[in-house]
Ligand code: P6P
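In the working numbering, the protein residues as written are 3 to 288.
Written out as C-alpha cells, the structure reads:
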C-alpha cells in the first residue's frame, strides 16, 4: 500500500467533514458517564458520542482495515487490509467543563495495530478553537486547513516550525517530575525569550508549538514511568506531524516513531518541538 492509497484521503476528508458536527455535538454532552476508558479515565458523554460517530464513519470507508480509539478497548476489524486508523476522538475532554480548546487526533498506519509510528502514512489533528482548523501530515509535508460546514479550505502549505522557538508547556505535576527533567525545564524557563503556554489539552499546546516554535512535553513521572499520553493515538500521530514540519520528537532517548508498541493502549513519555530543544532534552536525560 502506498501513501497515495485513496483510503488515506477518504479518512482525512471524513474527519474534516465530521468536525463541524462534532463541535456542535459538544453542546449538551459536557457531563460524564459512569464508565472509564481503557486508560482508566472517566469518560465524558462527548468522548463516547464522538468515538461512536467516528468509529461508524471511518470503519465504513473502503480500504480501512481497523478503527481503534483511545476510548475503547476493542478494535473494530473490517477484514480490509490497506490502512489502519487510530483516533483520539476528543483530546482534552476535561477542558469541556472550562470551555477551553480540545481536538480530535488521528493516525493512519499501513500496518495492523498496535503499530510503530514508522508505519504511519498520514496523521493530524482537528482543533476546536475560536475557529475549527486541521493540520495534516502526508508525504513528508504539513498542510493547515480551516473547516466550516463540512468544507475544508487550505490556509497554509509546507508548514514548518519557526526557527526561533517561543513557547514551552510541560505536563504532569511538578513534584512528580524527575530531577534531570526539572533541571532541563529550569534552563528553558530561565530564557526571557520563551513563554509558558499550557492549556490542559495536549493538542492545543502542540498546535502552539507548530505555530510559534518551542516545545511541548508530558514526560516520564516518578509515579508514572511512561507518562500519561498514549503512543498509538497521541504520541505517534503528533510525532509524525512535528517531524514532517522539521521538528523532532523523543521518548527521552529516541524518536517516538521508533518506539515498538506492546499493547494498543501503551503510554509513552512525549516530547516534541524544535530540534535544538529536543537535542538538549535528550542530553539532559542521558
Ligand atoms: P494533566 C488530556 O486529558 C490529556 O490526555 C492531554 O490532552 C493533556 O496534555 C493531558 O492529558 C493533561 O494532563 O495531568 O495536566 O491533567
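Don't be surprised by glycine CBs; every beta carbon is placed ideally from N, CA and C.
Residue i Cβ short of 6 Å to the ligand P6P heavy atom set
| i | result |
| --- | --- |
| residue 104 | no |
| residue 93 | yes |
| residue 204 | yes |
| residue 96 | yes |
| residue 173 | yes |
Residue of the options minimising C-alpha distance to residue i
| i | options | result |
| --- | --- | --- |
| residue 108 | 283, 260 and 14 | 14 |
| residue 75 | 234, 274 and 95 | 234 |
| residue 143 | 123, 246 and 28 | 246 |
| residue 297 | 178, 164, 94 and 96 | What is shown of the chain runs 3 to 288, which leaves residue 297 out entirely. |
| residue 231 | 205, 217 and 248 | 205 |
| residue 255 | 280, 67, 136 and 129 | 280 |
| residue 272 | 214, 263, 173 and 135 | 173 |
| residue 203 | 73, 71, 95 and 252 | 95 |
| residue 290 | 33, 169 and 229 | In the structure as shown, the chain begins at 3 and stops at 288. Residue 290 is therefore absent and cannot be evaluated. |
| residue 132 | 141, 105, 110 and 140 | 105 |
| residue 236 | 209, 213, 227 and 225 | 209 |
| residue 123 | 211, 220, 284 and 238 | 238 |
| residue 211 | 141, 165, 50 and 175 | 165 |
| residue 97 | 175, 243 and 31 | 31 |
| residue 22 | 175, 192, 7 and 134 | 134 |
| residue 27 | 224, 50, 220 and 194 | 50 |
Cβ-based neighbour list, residue i, same chain, cut-off 6 Å, excluding 5 preceding and 5 following
| i | result |
| --- | --- |
| residue 12 | 63 |
| residue 40 | 75 and 267 |
| residue 163 | 215, 247, 248, 249 and 276 |
| residue 263 | 116 and 233 |
| residue 182 | 286 and 287 |
| residue 52 | 24, 91 and 92 |
| residue 110 | 10, 13, 85, 87, 123 and 124 |
| residue 18 | 136, 149 and 154 |
Residues near residue i in its chain [Cβ-Cβ closer than 7 Å; skip 5 each side]
| i | result |
| --- | --- |
| residue 59 | 16 and 20 |
| residue 207 | 171, 199, 200, 201 and 218 |
| residue 61 | 69, 78 and 80 |
| residue 37 | 45 |
| residue 155 | 147 and 148 |
| residue 241 | 119, 251, 257, 258, 259 and 274 |
| residue 102 | 201, 202 and 203 |
Spatial neighbours of residue i in its chain, beta-carbon cut-off 8 Å, leaving aside the 5 residues before and after
| i | result |
| --- | --- |
| residue 113 | 86 and 121 |
| residue 67 | 79, 80, 81, 82, 83, 84, 85, 86 and 114 |
| residue 196 | 167, 168, 169, 170, 190 and 216 |
| residue 228 | 222, 268, 269, 270 and 271 |
| residue 71 | 53, 56, 57, 88, 89, 90, 91 and 235 |
| residue 158 | 145 and 146 |
Any C-beta of chain B under 7 Å from that of residue i
| i | result |
| --- | --- |
| residue 33 | No chain B appears in this structure, which consists of one protein chain only. |
> Does the count of Cβ pairs from the region 185-201 and the region 142-155 closer than 8 Å reach three?
Replying inline: Flag = no, the region 185-201 and the region 142-155 do not touch.
> In chain order, which alpha helix (DSSP H) runs of at least 4 residues are fully inside the region 48-92?
Replying inline: If one requires a minimum length of 4 residues, no alpha helix (DSSP H) run lies completely within the region 48-92.
> Enumerated in chain order, which unbroken segments of the alpha helix (DSSP H) with a length of 4 residues or greater are wholly contained in the region 203-256?
Replying inline: The region 203-256 contains, as complete alpha helix (DSSP H) runs of 4+ residues, the segments 204-214 and 238-246 (chain order).
> Does the region 43-61 come close enough to the region 122-130 that 3 or more CB-CB pairs lie under 8 Å?
Replying inline: By the Cβ criterion, the region 122-130 is not in contact with the region 43-61, since fewer than three pairs of Cβ atoms, one from each stretch, lie closer than 8 Å.
> For the region 87-163, which segments carrying the beta strand (DSSP E) assignment without a break, of at least 3 residues, lie completely within its bounds, in sequence order?
Replying inline: Segments of the beta strand (DSSP E) lying fully in the region 87-163: 104-111, 122-130, 134-140, 143-150 and 153-158.
> Taking the runs of the alpha helix (DSSP H) that are 4 residues or longer, which of them lie wholly in the region 164-204?
Replying inline: Qualifying alpha helix (DSSP H) stretches, in chain order: 181-192.
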